[in-house]
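>
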Amino acid sequence: MVRTVAPRYHRVYYAMRRAHERGDQAKFRLLRQQQRTLPSADPNDPRYRRLRYQR
Numbered sequence: 451m452v453r454t455v456a457p458r459y460h461r462v463y464y465a466m467r468r469a470h471e472r473g474d475q476a477k478f479r480l481l482r483q484q485q486r487t488l489p490s491a492d493p494n495d496p497r498y499r500r501l502r503y504q505r
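Take any residue in the sequence shown, count from 1 to its spot, add 450: that is its number in our numbering.
(1) For Tyr-503 versus Arg-453, is the C-beta distance shorter than 8 Å?
(2) Taking the C-alpha atoms as reference points, what is the distance between Arg-458 and Arg-505?
(3) The alpha helix (DSSP H) that contains Val-462, what's its start and end?
(4) Using 10 angstroms around the beta-carbon of Leu-481, count the other beta-carbons present and answer buried if the total reaches 16, otherwise exposed.
(5) So, at 8 Å on beta carbons, what are the nonlocal neighbours of His-470 in its own chain, with the 5 sequence-adjacent residues on each side left out?
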C-alpha cells in the first residue's frame, strides 16, 4: 500500500503548475525550493502498513 500524498506538498505542486503555465519563472523557482523541504507522502497516514519480508 502506498502512502497518501501530503496535502501541503500537493498544494505547492499545483501552485508550481499554475506558475509554470503563466510563465512566472521566479515564483516557480521559489515554490520548487519550498516543495523540496516538504515530505511528498503523508508520514502519519493511518492506512499505511509497513510490511517486512519474513521467511
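Virtual Cβ for every residue (Gly too), placed ideally from N, Cα, C.
It should be emphasised that the depicted structure is a prediction, and the values quoted were computed from it without experimental measurement.
Reading off the structure:
(1) no
(2) 39 Å
(3) 457-472
(4) buried
(5) Phe-478
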